[in-house]
Amino acid sequence: MADVSAALYNTDFRRAIARNQRNTVILFVVLLLIGAIVGYVVGWAIAILGLIWNLPPDQVSQLSAGAVLAALWGAALVSGAGLIWGLITLTSGAEILASFAGARDANPNDPHERQLIDVIAEMAIAAGLAPPRAMVIDTPALNAFASGSSPKRAMITATTGILHACTREELQAVIGHEMGHVAEYDVRYTTVVAAMAGVVVLLAHFLGNVFYWSTGWGGGWGYGGYGYGYGGLRPREREGGASGARIALTLVVVVLLVVVMIAAPLASRLVQMAISRQREYLADVSSAKLTRNPIGLIHALQRLEAGDTNIARPNSPVSALCIAAPKGAWLSGMFSTHPPIPDRIARLRNLGGVATSEPEAPLPPPPSLDRPEAPIVAQPEHGPWDTAAAAPTEPPPAQGPWDQETPPSPTPPRKGPWG
Amino acid sequence: MSVGLWVVVGIIVLLIIIVIGVYNGLVAGRQEVRNAWSQIDIQLKRRHDLIPNLVNAVKDSMHVEQAQLTAVMQARNQAVAAPNPAASMQAENALTGTLRQLFAVVESYPQLRSQQNVSSLMEELSSTENRISFARQHYNDAVQAQNIRVASFPGVLLASTFGFTSETMYQVPEAERAATEAVPEVRLS
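Order-wise, the sequence lines are chains L and V. Going by our numbering, the residue at position 78 of the first sequence is 78; the numbering climbs one at a time, nothing skipped. Going by our numbering, the residue at position 184 of the second sequence is 184; the numbering climbs one at a time, nothing skipped.
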């Protein structure tokens with residue numbers, strides 16, 4: 001334990017956080033670029049298709065200037081629509097996330113839920129934030145998530161399953177992770193990112209339709225491509241009158257549209273999930289920073305890996321803010337909102353300077369707060385605080401909250417404030 | 001006006017904006033340190049208020065040595081009455097020690113723990129103990145952030161001009177650190 005706290009002095013939370021944020025910014029720009037490219041192609045395609053079927057063949061080659069203008073319009077529109085859509089869903093959706101999942105307020109008279117309320121208050125103090133509202137979902141699944149668009153309106157929801165399965169130390173680490181999501185504005189962030197990816201997906205569907213309605217190319221197209229007319233003839237019915245240049249250009253446009261239609265939503269989903277995974281690593285670091293106890297989170301993650309974490313549809317908005325991804329995603333890895341738990345544990349070990357040789361001992365059974373009459377033998381060899389509410393029959397946890405006092409900060413303190 | 005003049009004006013405006021930003025950052029940082037400090041006091045106060053309740057709840061039990069309860073109450077009263085911060089810190093640390101012993105005793109008696117008011121008081125007090133240490137931790141985090149701001153560029157250029165100094169960390173005294181790691185002694189009588 002002594003070497004753990006010594007290693008914590010060397011731990012550079014700031015660097016870990018900076019790296020994660022840099023990765024997020026890069027991914028965010030990539031997502032914006034995908035949106036812009038889709039918009040560009042759409043605008044371009046619409047302009048070209050619209051014009052070539054209206055112009056005499058000899059003027060087709062003069063289209064390029066108009067097409068570029070339309071394409072730029074399209075790019076700006078898609079990027080803007082993504083951002084605005086994100087802000088709209090943010091104001092309407094995030095607040096009711098918790099109630100969607102069937103959460104209720106924690107009951108202070110239930111020992112487990114009391115502990116949740118207390119642990120949330122403790123972590124809020126460590127983060128220097130107002131304590132988020134404590135919510136509970138009645139399900140045996142093990143999970144927890146944060147919601148609310150700003151720290152002031154935040155809620156942290158835990159399942160009764162996780163409350164019963166974890167020691168206080170582990171619960172503290174889980175809540176530390178959720179507090180990290182709250183403090184880093186991840187709710188806001190993931191909502192905007194999801195909305196932007198959603199706009200790209202929507203556009204791809206629209207492209208599919210455009211492709212299908214090759215009918216409408218005859219009607220007067222504006223540069224931006226709003227409002228399309230029907231009533232034209234299918235190209236092949238007009239082939240007789242069309243020149244070779246027209247056909248060739250149309251083919252190019254169609255191929256491009258198909259490529260974008262297939263590739264863009266896939267790419268934007270990938271980026272969205274990659275961002276989500278970066279935020280998960282960041283929240284893990286925040287948890288370790290708040291509790292000064294990466295081991296607690298490691299143990300909690302081990303429990304989650306062994307247990308059932310299914311509280312929501314995989315990859316739903318709730319999923320991105322959970323402590324662990326709801327299982328059952330048909331494509332894990334690239335499309336998961338969460339990094340694999342072994343990876344997270346490895347990073348935590350690295351962060352905490354925890355020796356990799358730490359024995360993989362089976363976790364102690366969770367404490368019971370429900371059996372006050374249980375036969376009890378005094379076991380005072382571990383700190384009293386961490387087991388204050390736990391049945392003393394269980395083996396002592398690896399580390400009590402008191403240890404958090406020992407390493408007060410990554411840098412060695414100088415002199416006392418009262419001196 | 002010539003282009004050169006515009007460039008000069010632009011640079012000056014930019015500099016002013018930067019100075020305002022840095023200054024506001026320093027002020028916010030100092031405020032955060034103050035808030036964090038008062039949060040520690042709030043939690044210590046909470047502990048002072050809770051202790052008499054726990055002592056009353058367990059004092060009729062045959063198992064708890066009355067001397068232990070007296071020690072806790074004495075330490076608590078000393079902490080409340082501490083005349084200055086240095087004395088307060090010492091008294092709070094002593095209180096932490098005696099309180100931990102009392103907890104160990106209550107822990108070892110299932111009859112006591114099974115009383116609902118005792119167990120909920122225990123939860124509340126142990127949570128308060130955690131809150132105190134987390135409040136101190138947050139204070140140190142805030143101090144560290146502010147000290148980095150004051151000592152690094154560009155804050156270092158403005159800090160001395162506007163009277164921002166580096167803040168002092170809360171330090172756990174060696175004595176308490178030793179006590180934290182030591183096993184609390186339980187007397188079963």
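Backbone N, C-alpha and C fix where the C-beta goes; we use that ideal spot for every residue, glycine too.
> Are the C-beta atoms of residue 128 of chain L and some chain V residue less than 9 Å apart?
Replying inline: Translated into positions along the first sequence, residue 128 of chain L becomes position 128. Yes, contact with chain V.
>> In this structure, how does DSSP classify residue 4 of chain V when only helix, strand and coil are distinguished?
In response: In the second sequence, counting from the first residue as 1, residue 4 of chain V sits at position 4. Three-state DSSP puts residue 4 of chain V in a helix.
> Touching or not, the segment 133 to 144 of chain L and the segment 271 to 285 of chain L, by the rule of three or more beta carbon pairs under 8 Å?
Replying inline: In short, these stretches do not touch, since the Cβ pair count stays below three.
> Leaving out the 5 sequence neighbours to the left and right, which residues in its chain are closer than 8 Å to residue 290 of chain L when beta-carbon positions are compared?
Replying inline: By one-based count along the first sequence, residue 290 of chain L stands at place 290. Hits under 8 Å: 123, 126, 127, 176, 179, 180.
> Would you report the Cα separation of residue 125 of chain V and residue 204 of chain L, rounded to the nearest angstrom?
Replying inline: By 1-based counting over the second sequence, the position of residue 125 of chain V is 125. By 1-based counting over the first sequence, the position of residue 204 of chain L is 204. Between the alpha carbons of residue 125 of chain V and residue 204 of chain L lies a distance of about 57 Å.
> Under three-state DSSP, which class holds residue 70 of chain V?
Replying inline: On the second sequence, position 70 is the one that residue 70 of chain V refers to. Three-state DSSP puts residue 70 of chain V in a helix.
>> Residues of the segment 85 to 102 of chain V in Cβ contact with chain L at a cutoff of 7 Å, in chain order, please.
In response: Residues 85, 86, 89, 100.
>> Assuming residue 26 of chain V and residue 162 of chain V are in contact, meaning their beta carbons sit under 8 Å apart, how far apart are those beta carbons, in whole angstroms?
In response: The count along the second sequence starts at 1 and reaches residue 26 of chain V at position 26. The count along the second sequence starts at 1 and reaches residue 162 of chain V at position 162. Confirmed, Cβ separation roughly 7 Å.
> Which bits of chain L does residue 135 of chain V rub up against, with CB to CB less than 7 Å?
Replying inline: Start at 1 with the first residue of the second sequence, and residue 135 of chain V comes out as number 135. Result: 125.
>> Only counting the same chain, and skipping five residues up and downstream in sequence, which positions put a Cβ closer than 7 Å to that of residue 102 of chain L?
In response: Here residue 102 of chain L corresponds to residue number 102 of the first sequence, with the count starting at 1. Same-chain partners within the cutoff: 137.
>> Mapping the DSSP letters down to three states, classify residue 18 of chain V as helix, strand or coil.
In response: Looking up residue 18 of chain V in the second sequence gives position 18. Residue 18 of chain V: helix per DSSP, three-state reduction.
>> Here's the rule: buried if 16 or more other CB atoms are within 10 angstroms of the residue's CB, otherwise exposed. What is residue 250 of chain L?
In response: Here residue 250 of chain L refers to the residue found at position 250 when the first sequence is read from its first residue. It is buried - the Cβ of residue 250 of chain L has at least 16 other Cβ atoms within 10 Å.
>> Taking the alpha-carbon of residue 296 of chain L as reference, which of L:267, L:265, L:344, L:174 has the nearest alpha-carbon?
In response: In the first sequence, residue 296 of chain L corresponds to position 296, counting from 1. The option with the nearest alpha carbon to residue 296 of chain L is L:174.
> In chain V, what lies closer than 8 Å to residue 121 of chain L by C-beta?
Replying inline: Mapped onto the first sequence, residue 121 of chain L falls at position 121. Result: 127, 131.
> What is the rounded straight-line gap between the Cα of residue 53 of chain V and the Cα of residue 156 of chain L?
Replying inline: By 1-based counting over the second sequence, the position of residue 53 of chain V is 53. By 1-based counting over the first sequence, the position of residue 156 of chain L is 156. Their Cα atoms are separated by approximately 30 Å.
> Going along chain L in order, which residues have a C-beta closer than 8 Å to the C-beta of residue 65 of chain V?
Replying inline: Taking the first residue of the second sequence as position 1, residue 65 of chain V is located at position 65. Result: empty, since nearest Cβ-Cβ is about 15 Å, beyond 8 Å.
>> Please give me, in chain order, every unbroken run of the alpha helix (DSSP H) with length at least 4 that falls completely inside the segment 105 to 141 of chain V.
In response: Whole alpha helix (DSSP H) segments, 4+ residues: 110 to 114.
>> Tell me which residue opens and which closes the beta strand (DSSP E) that residue 146 of chain L is part of.
In response: Looking up residue 146 of chain L in the first sequence gives position 146. Counting along the chain, the beta strand (DSSP E) containing residue 146 of chain L begins and ends at 144 to 147.
> In terms of alpha-carbon separation, which member of L:71, L:85, L:247 lies closest to residue 198 of chain L?
Replying inline: On the first sequence, position 198 is the one that residue 198 of chain L refers to. Of the listed residues, the one whose Cα sits closest to residue 198 of chain L is L:85.
> So residue 146 of chain V packs on residue 33 of chain V, CB below 8 Å; how close in whole Å?
Replying inline: Residue 146 of chain V sits at position 146 when you count from the first residue of the second sequence. Residue 33 of chain V sits at position 33 when you count from the first residue of the second sequence. About 5 Å; that satisfies the 8 Å criterion.
>> For chain C, check one thing: does any of its Cβ atoms lie closer than 9 Å to the Cβ of residue 118 of chain L?
In response: Absent from the structure: chain C. Protein chains present are L and V.
>> Quick check on residue 105 of chain L: does DSSP put it in helix, strand or coil?
In response: The residue labelled residue 105 of chain L in the question sits at position 105 within the first sequence. In this structure, residue 105 of chain L counts as strand in the three-state DSSP scheme.
> Taking the C-alpha atoms as reference points, what is the distance between residue 12 of chain V and residue 165 of chain V?
Replying inline: As a position in the second sequence, residue 12 of chain V is number 12, starting the count at 1. As a position in the second sequence, residue 165 of chain V is number 165, starting the count at 1. Going from the Cα of residue 12 of chain V to the Cα of residue 165 of chain V covers about 27 Å.
> So, are the CB atoms of residue 31 of chain L and residue 196 of chain L less than 9 Å apart?
Replying inline: Position 31 of the first sequence holds residue 31 of chain L. Position 196 of the first sequence holds residue 196 of chain L. Cβ atoms of residue 31 of chain L and residue 196 of chain L: closer than 9 Å.
> How is the alpha helix (DSSP H) around residue 250 of chain L delimited, first residue to last?
Replying inline: Counting from 1 along the first sequence, the entry for residue 250 of chain L is found at position 250. It spans 244 to 291 - the alpha helix (DSSP H) in which residue 250 of chain L sits, taken as one unbroken run.
> What separation, rounded to the nearest whole angstrom, lies between the Cα atoms of residue 194 of chain L and residue 26 of chain L?
Replying inline: What you label residue 194 of chain L is simply residue 194 of the first sequence in a count that begins at 1. What you label residue 26 of chain L is simply residue 26 of the first sequence in a count that begins at 1. When rounded, the distance between both Cα atoms is 16 Å.
>> Starting from residue 156 of chain L, trace the beta strand (DSSP E) in both directions and tell me its first and last residue.
In response: The residue you call residue 156 of chain L lines up with position 156 of the first sequence. Per DSSP, residue 156 of chain L belongs to the beta strand (DSSP E) from 155 to 159.
>> Strictly below 8 Å CB to CB, what residues from chain L border residue 138 of chain V?
In response: Taking the second sequence and counting its residues from 1, one reaches residue 138 of chain V at position 138. Under the 8 Å cutoff, chain L gives 125, 126, 127, 128.
> Taking Cβ-Cβ distances below 8 Å as the criterion, which residues of the segment 129 to 147 of chain L are in contact with chain V?
Replying inline: none
> Which residues of chain V have a Cβ atom closer than 8 Å to the Cβ of residue 114 of chain L, listed in chain order?
Replying inline: Within the first sequence, the letter at position 114 stands for residue 114 of chain L. Those within 8 Å of residue 114 of chain L in chain V are 120, 123.
> Can you find a CB in chain L that lies within less than 9 Å of the CB of residue 68 of chain V?
Replying inline: Within the second sequence, the letter at position 68 stands for residue 68 of chain V. For residue 68 of chain V, the answer is no, since every Cβ of chain L falls outside 9 Å of its Cβ.
> If you run the structure through DSSP and keep just helix, strand and coil, what is residue 18 of chain L?
Replying inline: Taking the first sequence and counting its residues from 1, one reaches residue 18 of chain L at position 18. Three-state result, residue 18 of chain L: helix.
> Taking only beta-carbon atoms, is residue 277 of chain L less than 9 Å away from chain V?
Replying inline: By one-based count along the first sequence, residue 277 of chain L stands at place 277. Judged by the 9 Å Cβ criterion, residue 277 of chain L is not in contact with chain V.
> With a CB to CB cut of under 8 Å and the five nearest residues on each side skipped, what residues in its chain are close to residue 69 of chain V?
Replying inline: On the second sequence, position 69 is the one that residue 69 of chain V refers to. 55, 58, 59, 102.
> On the three-pair Cβ rule with 8 Å, is the segment 78 to 87 of chain V touching the segment 127 to 141 of chain V?
Replying inline: no
>> In the DSSP output, what is residue 168 of chain L paired with across the bridge?
In response: Taking the first sequence and counting its residues from 1, the one referred to as residue 168 of chain L is at position 168. Under DSSP, residue 168 of chain L forms no beta bridge with any residue.
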